[in-house]
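**Student:**
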Amino acid sequence: MPRHALTRALAVAAALAFAAPSAFAQQPAHAVPAGYAGSASCADCHQKESASFGATNKGKLFLNHPRNDHQALGCEVCHGPTKTHAESGGDDRGGLITFNGKHPSPVAEQNAQCLQCHEKTARMLWKGSAHESHDVACTDCHTLMHAASERANLRQPTELETCGRCHPAEKTKQLQFAHMPVEQGKIECTSCHNPHGSAGPSLLAANSINEVCFQCHADKRGPYLWEHAPVAENCANCHDPHGTPHDNMLKLSRPRLCQQCHAGTGHPIQPRNPALASDFQFVFNRQCSNCHINIHGSNNPSGEFFVR
Amino acid sequence: MHFKALAGACLVAAAAALHPARAGAQAAKSDSAKQDTTHAFTAAAEFGGRDYLGTFNPEQRGKFIEYRDMPHGFAVPNLFFGYAPGDGFRQTSLAATNVGQLDQSLHLRTQEPGLYDVRLEWDRIPHVYSTTARSLYQETSPGVLTLPNPRPTAAAYNLSDFLPAVRSIWDPVKLSVGITPSEKWDFKADFTRIGKSGDLPQSMTFKGSGGPASEFLAPIDQTVSDMKLSESYAVTRYQLMAMYDLSVFQNAIPSITVDNPTATTDATSMAARGRMGTAPNNVAHTGTLVGGLNLPMETRLTGSASYASWRQNARFIGATVNTAVTNPLINQLPASLGADARTTVLSGGFTSRPFRDISVSAHYRSYDFKDDVANQTMPIVVVADRSIDTSITVDRMPYTRTNGDASVRWRLASPLAVSFGYNWNGMKRDPEVRDRARVTETSPHVSVDLTGLYWATFRATYSTARRRGSEYTQQPEEDNQAFRRFDEADRDRTSTNLLATVTPVDQVTLSGSWDIGHDEYVNSPFGLQSDRSAVASGDVAWVPNDRYTVGASLTRELYNNRLLSSYRSGDQPSNPTYIYINNNQDAITTTALNFTAVLVPDVWEAGGTYELSRAHVHIFNYNPTTPSGGTAARNTAALAYDFPAITQNLQPVNVYVRWKLNPDWSFTVRYQGELFSQNDYETAALQPVTSSFYFLANNYQNYDARYVTITFSFHPGSLRVLRPTL
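Protein sequence lines correspond, in order, to chains A and B.
End of the first sequence sits at 396 in our numbering; the numbers just go up one at a time, nothing left out.
End of the second sequence sits at 730 in our numbering; the numbers just go up one at a time, nothing left out.
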């Protein structure tokens, strides 16, 4: 771990941690607008929920340290004006926005509450995204009322479990022979995807599949002297990053994977008999890559055919 | 059993538990009295020991420790320290996992919700490739692997000891700073450095496809450095964001030189050693602008523009290390490539809700990849350090991908909505280096979503796509001209996706999904013919009361890929009896069970998971007609045979009992087991020396690992959720 990075980070952290509490402690008084009941009123009947929410970061912000009039609405930032509901003793729902229970508000109304504050940064392209256009609710993945995950207010302890509720195949692929260390928590679904919408394909967190992969595998970016066309265009031509039964998360066993494109004379297109000694090197160990090792591209002046 | 470590851990924990944890007591007290204190320190820890039952040899552990470290003895899975001044709104924390292990992580964070969030994270990732590799190479200097002279005999390879675990280690360190100075402004900076070290199995041929060839451990010394900066301005009406990303890749080992195990002197027919290039240093700059505008009728316009430059100008290594190759053109090689690839991405989106029950949306996107190099011709290429090609043109692969979609969504009733849409994808390539100049795919689709109900969610999508293109010219021209590459060929695709969740009674939730895909390559006389997939998944969760949960799931995946090929040789370029059909079938079944039980409220609880993943990979080959018409050798070479089946089986089980000594302290005994077995003809019987091939002969061995973990956990309920323990 580089010492200079650690030192700088520690200095920043120390400065922020020990900054005078008074710098942000003085909060202006916020009046309760018409139609709103105030968070204290909610706590009269919903003690358990109020206490649980109050222990979360968002709860601390909204209930004790609001930075503007909107946040000062507390519970009603998300649930909308509740005066009618409160004054009826809970009988009249009024315009209450609800996210769970037997009578949740329509998904679009729920999400609109979140977007009041969050329609920016990574969520700027939420509207029209694959999830939004299928009426996925923010609360399908997130919960604010208690801390259920290490980060991101997820409903499940991990991203894998959260995303796996609707994408079970991608989750179970983590048990296949070749997979990435997602189950170990080393990378997460959002290491590659932005579930809140993106300009790229498949809700990817970059402009293309390759650019996502290059975030960690920058060695594959090149540009190489000898480029391999399907690699340069799309890593997913050969790999399924969610996991496969084949080495290196390949979609198919070699040599068949390669024979989908290579139809030249001689050794590339021979059917190959595993029992034949002469076919040994084509079907065992790395198969085609026993020789064509730099298959992602080579910058060796003699790297033609990717053997160097 | 290695009880010493466990006993030590038990003593530490018992002592701490019997003296109700000064730190813990203070933490709990401070938690309840935060309003009155000015500084609150909190701590949490999970520590104990792990021991294996029975025999579990180091060489068996390859797959078991693929991405993790699982030593026996003392273990600290989680450690947490927190500091919160004042009422606890601002927090600083230090969390660590798997302390002292190869897969440890460290997370330092300080934050004030809504104002700033600073994180420093180090999360080490080990990747074990093998624990059964055998090799006689020595790395005499970085990137130079040598063998004794005279060369070792085959027996010396085959009788050599297993090498220590072959692994690479990634050390990603990330500093992330997020500041929200006002509700309108957001600033974020991420600095990431990934250091990569260790070894990676690689191989090299010294002559041609018939060998000799050698597999070896290529050393890794690489760094990926990345800086991302973003600034966002947002008001209700519009939002803007600007981003810049600098990514730098550095490789300290520009080449790997490897001794030929069968030759000690250079000759024009074969070199005494070979040299391969490694990934070159490179730099990428990416700038992006994103904007969104909200208009009446829930209309939103979005747009983004991104431009990137990927530069690579690393100094070339020499054309060959073979001293017997003395062609003067070698001295005319350019010094470097001078590559500058540029991507330009433009996208726009429109969504609106002109009527209460109808929404419309449309998107357009263009991704343009240009790939320019300063040197487009190599005066000489020494293939495999022996055979010479001259004046080779370097192919570049520019392309432009454009796509758009439009859809209408009709909310028939409050929870039910139907969408109709149409997608269009276009790909433009250079016909000089690829087979087709243009390919276009159009895809209408319909979907139904039933959401917002307490008792049911249902989603279904059906799409059909048709991909066609301009004239197809198989490259290179001497190849089978009737062959079609799968990424450029005409294709008809259908896709059906269903997802349903039903809660018939409060205690039971049933969910299922069913995804079917079918690609038919309709105008491909040779090449990929069809690609089918079917994935079905079912899940049941039963929560009879607050104390018990039971869950079970089953997922079945089937993949079938059908390829039509024809063996060709110089004198038999189009013999119809040399045609063969290849069916690749993968079938994977995954079963999972889980339960949790609160045996005695606030005192005893238990839980467990069991998973079973079985994979069968079959490659079926056959000739529709028995090969004939050529020489006996050709006819034999054209014969297609089924490949031996590959099977894989993974069964992890994890059962625990937890005793809560008090609200903060708990004691957990966990029994875990993992059974792994595989039967893979590709590596199962591999010897280091087979014919003229010198392999590492590494293969993940089967194992039946069983181990017990005993941990004490001090975890005040008010603290952050700790990372789940594996």
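Glycine is no exception: its CB is placed at the ideal position from the N, C-alpha and C atoms.
Keeping to the same chain, check which residues put their C-beta closer than 6 Å to that of GLN198 of chain A; ignore five residues upstream and five downstream.
**Tutor:** The residue labelled residue 198 of chain A in the question sits at position 110 within the first sequence. Within the same chain, GLN198 of chain A has close Cβ partners PHE187, ALA225.
**Student:** Roughly how many angstroms separate the alpha carbons of HIS355 of chain A and ASP483 of chain B, rounded to a whole number?
**Tutor:** Residue 355 of chain A sits at position 267 when you count from the first residue of the first sequence. Residue 483 of chain B sits at position 479 when you count from the first residue of the second sequence. Looking at the two C-alpha atoms, the distance is approximately 12 Å.
**Student:** Mind pulling the chain B residues with CB within less than 7 Å of VAL195 of chain A?
**Tutor:** Within the first sequence, the letter at position 107 stands for residue 195 of chain A. What VAL195 of chain A touches in chain B: THR455, GLY456.
**Student:** Please state the DSSP three-state secondary structure of ASP550 of chain B.
**Tutor:** As a position in the second sequence, residue 550 of chain B is number 546, starting the count at 1. In the three-state reduction of the DSSP assignment, ASP550 of chain B falls in the coil class.
**Student:** Mapping the DSSP letters down to three states, classify ASP35 of chain B as helix, strand or coil.
**Tutor:** As a first step, residue 35 of chain B is located in the second sequence; it is residue number 31 there, counting from the start. Its pLDDT being 41, under 50, ASP35 of chain B is placed unreliably by the model, and nothing is read from it.
**Student:** Do ASP127 of chain B and ARG171 of chain B have their CB atoms nearer than 9 Å?
**Tutor:** Residue 127 of chain B sits at position 123 when you count from the first residue of the second sequence. Residue 171 of chain B sits at position 167 when you count from the first residue of the second sequence. No, they are not a contact pair.
**Student:** Step through the CB atoms of chain A and report whether any lies within less than 9 Å of the CB of ALA641 of chain B.
**Tutor:** For the purposes of this step, residue 641 of chain B is identified with residue 637 of the second sequence, where counting begins at 1. With 9 Å as the cut-off, ALA641 of chain B counts as an interface residue toward chain A.
**Student:** Can you list, in chain order, the residues of its chain whose CB lies under 8 Å from that of PRO419 of chain B, leaving out five sequence neighbours each side?
**Tutor:** Here residue 419 of chain B is taken as the residue at index 415 of the second sequence, counted from 1. Within the same chain, PRO419 of chain B has close Cβ partners LEU454, THR455, GLY456, LEU457.
**Student:** For PHE302 of chain A and PHE253 of chain B, I'd like the C-alpha separation in whole angstroms.
**Tutor:** Position 214 of the first sequence holds residue 302 of chain A. Position 249 of the second sequence holds residue 253 of chain B. Cα-Cα distance, rounded: 10 Å.
**Student:** Measure the CB-CB distance between LYS148 of chain A and GLY86 of chain B and report whether it falls below 9 Å.
**Tutor:** Numbered from its first residue, the first sequence carries residue 148 of chain A at position 60. Numbered from its first residue, the second sequence carries residue 86 of chain B at position 82. The answer is no: Cβ separation not under 9 Å.
**Student:** Among B:TRP428, B:VAL262, B:LEU568, whose alpha-carbon lies nearest the alpha-carbon of THR150 of chain B?
**Tutor:** Your numbering for residue 150 of chain B matches position 146 in the second sequence. Measuring from the Cα of THR150 of chain B, the nearest candidate turns out to be B:VAL262.
**Student:** Compare the C-beta of ALA32 of chain B against all C-beta atoms of chain A and say whether one is closer than 9 Å.
**Tutor:** In the second sequence, the residue the question calls residue 32 of chain B occupies position 28. At ALA32 of chain B the pLDDT is 36, less than 50, meaning the model places this residue with poor confidence; the figure from the coordinates comes in the next sentence. By this cut-off, ALA32 of chain B is not an interface position.
**Student:** State the DSSP-derived secondary structure class of TYR711 of chain B, mapped to helix, strand or coil.
**Tutor:** Along the second sequence, read from residue 1 onward, the residue named residue 711 of chain B stands at position 707. Residue state, collapsed to three classes: strand.
**Student:** Measuring straight from C-alpha to C-alpha, what distance separates ALA460 of chain B and ALA545 of chain B?
**Tutor:** The residue given as residue 460 of chain B occupies position 456 in the second sequence. The residue given as residue 545 of chain B occupies position 541 in the second sequence. ALA460 of chain B and ALA545 of chain B: Cα-Cα distance of roughly 14 Å.
**Student:** Run through chain B and tell me which residues come within less than 9 Å of LEU292 of chain A, C-beta to C-beta.
**Tutor:** Within the first sequence, numbered from 1, the residue matching residue 292 of chain A stands at position 204. Residues of chain B passing the Cβ test: none, with the nearest at roughly 12 Å.
**Student:** Would the segment 345-353 of chain B and the segment 306-317 of chain B be scored as touching if the rule is three or more Cβ pairs under 8 Å?
**Tutor:** yes
**Student:** Could you check which residue in B:VAL547, B:PRO548, B:HIS522, B:SER528 has the C-alpha nearest to that of SER537 of chain B?
**Tutor:** Numbered from 1 along the second sequence, position 533 holds the residue referred to as residue 537 of chain B. When each option's Cα is compared against that of SER537 of chain B, the closest is B:HIS522.
**Student:** Please classify HIS191 of chain A as buried or exposed, where buried requires at least 16 neighbouring CB atoms within 10 angstroms.
**Tutor:** Here the question's residue 191 of chain A lines up with position 103 in the first sequence. The residue is exposed, with fewer than 16 neighbouring Cβ atoms inside 10 Å.
**Student:** Please list the terminal residues of the continuous beta strand (DSSP E) segment that includes GLY296 of chain B.
**Tutor:** Here the question's residue 296 of chain B lines up with position 292 in the second sequence. Looking at the DSSP string, the run of the beta strand (DSSP E) that includes GLY296 of chain B is 286-299.
**Student:** What does DSSP give as the partner residue(s) for ASN658 of chain B in the beta ladder?
**Tutor:** As a first step, residue 658 of chain B must be located in the second sequence, where it is residue number 654. The partner list for ASN658 of chain B (beta bridge, DSSP) reads B:THR613, B:GLN676.
**Student:** With a threshold of 9 Å between beta carbons, is CYS166 of chain A in contact with chain B?
**Tutor:** The count along the first sequence starts at 1 and reaches residue 166 of chain A at position 78. Taking Cβ atoms only, chain B never reaches closer than 9 Å to CYS166 of chain A, which makes this a no.
**Student:** My output table needs one value for GLN114 of chain A: the three-state DSSP class, helix, strand or coil.
**Tutor:** Position 26 of the first sequence, counted from the first residue, corresponds to residue 114 of chain A. In this prediction, GLN114 of chain A has a pLDDT of 46, which is less than 50 and means its spatial position is unreliable; nothing more can be read from the coordinates.
**Student:** Could you tell me which residues DSSP puts in a beta bridge with GLN243 of chain B?
**Tutor:** By 1-based counting over the second sequence, the position of residue 243 of chain B is 239. In DSSP, GLN243 of chain B forms a bridge with B:ALA238, B:GLY296.
**Student:** Is GLY66 of chain B close to chain A? Criterion is C-beta to C-beta, closer than 9 Å.
**Tutor:** If you number the second sequence from 1, residue 66 of chain B lands on position 62. So no, GLY66 of chain B is outside the interface.
**Student:** Give me the Cβ distance between PRO154 of chain B and ASP73 of chain B, rounded to the nearest whole Å; I'm assuming they're in contact under 8 Å.
**Tutor:** Taking the second sequence and counting its residues from 1, one reaches residue 154 of chain B at position 150. Taking the second sequence and counting its residues from 1, one reaches residue 73 of chain B at position 69. Wrong, their Cβ atoms sit about 40 Å apart, outside the cutoff.
**Student:** What does DSSP give as the partner residue(s) for ASP590 of chain B in the beta ladder?
**Tutor:** Reading the second sequence from its first residue, position 586 is the one you call residue 590 of chain B. Beta-bridge pairing links ASP590 of chain B to B:TYR563, B:VAL621.
**Student:** Could you tell me which residues DSSP puts in a beta bridge with ILE173 of chain B?
**Tutor:** By one-based count along the second sequence, residue 173 of chain B stands at place 169. Its beta-bridge partners are B:PRO130, B:SER201.
**Student:** Taking Cβ positions, are ALA596 of chain B and ALA610 of chain B nearer each other than 9 Å?
**Tutor:** Counted from its first residue, the second sequence places residue 596 of chain B at position 592. Counted from its first residue, the second sequence places residue 610 of chain B at position 606. No, the Cβ-Cβ distance between ALA596 of chain B and ALA610 of chain B is not below 9 Å.
**Student:** At the level of alpha carbons, what is the spacing between GLY430 of chain B and SER447 of chain B?
**Tutor:** The residue labelled residue 430 of chain B in the question sits at position 426 within the second sequence. The residue labelled residue 447 of chain B in the question sits at position 443 within the second sequence. Roughly 12 Å between the two C-alpha positions.
**Student:** Using the C-alpha atoms, what's the distance from PHE697 of chain B back to ASP367 of chain A?
**Tutor:** Taking the first residue of the first sequence as 1, we reach residue 367 of chain A at position 279. Taking the first residue of the second sequence as 1, we reach residue 697 of chain B at position 693. Rounded to whole angstroms, ASP367 of chain A to PHE697 of chain B spans 12 Å at the Cα level.
**Student:** Cβ closer than 7 Å: which chain A residues qualify as neighbours of ALA775 of chain B?
**Tutor:** Residue 775 of chain B cannot be examined here, being either before or after the span of chain B that is shown, 5 to 730.
**Student:** Mark SER110 of chain A as exposed unless 16 or more other C-beta atoms lie within 10 angstroms of its C-beta, in which case mark it buried.
**Tutor:** Along the first sequence, one-based indexing puts residue 110 of chain A at 22. Because the pLDDT of SER110 of chain A is 38, which lies under 50, any placement of that residue in the model is unreliable, and the number read from its coordinates should be weighed accordingly. Note on SER110 of chain A: under 16 other CB atoms within 10 angstroms of its CB, so exposed under the neighbour-count rule.
**Student:** Chain A partners of LEU567 of chain B, CB-CB under 7 Å?
**Tutor:** The residue given as residue 567 of chain B occupies position 563 in the second sequence. The contacting residues are ARG344, GLN347, GLN348.
**Student:** Using 10 angstroms around the beta-carbon of MET301 of chain B, count the other beta-carbons present and answer buried if the total reaches 16, otherwise exposed.
**Tutor:** For the purposes of this step, residue 301 of chain B is taken as residue 297 along the second sequence, with counting starting at 1. Of the other Cβ atoms in all chains shown, fewer than 16 fall within 10 Å of the Cβ of MET301 of chain B; this residue is therefore exposed.
**Student:** Note the first and the last residue of the continuous alpha helix (DSSP H) segment covering GLN172 of chain A.
**Tutor:** As a position in the first sequence, residue 172 of chain A is number 84, starting the count at 1. Before going on, a small fix: residue 172 of chain A reads as Thr here, not Gln. Residues 171-175.
**Student:** Between the Cα of THR629 of chain B and those of B:PHE671, B:TYR584, B:PHE647, B:PRO656, spot the shortest distance and give me the residue it belongs to.
**Tutor:** Locating residue 629 of chain B in the second sequence gives position 625, counting from the first residue. Among B:PHE671, B:TYR584, B:PHE647, B:PRO656, the Cα nearest to that of THR629 of chain B is on B:TYR584.
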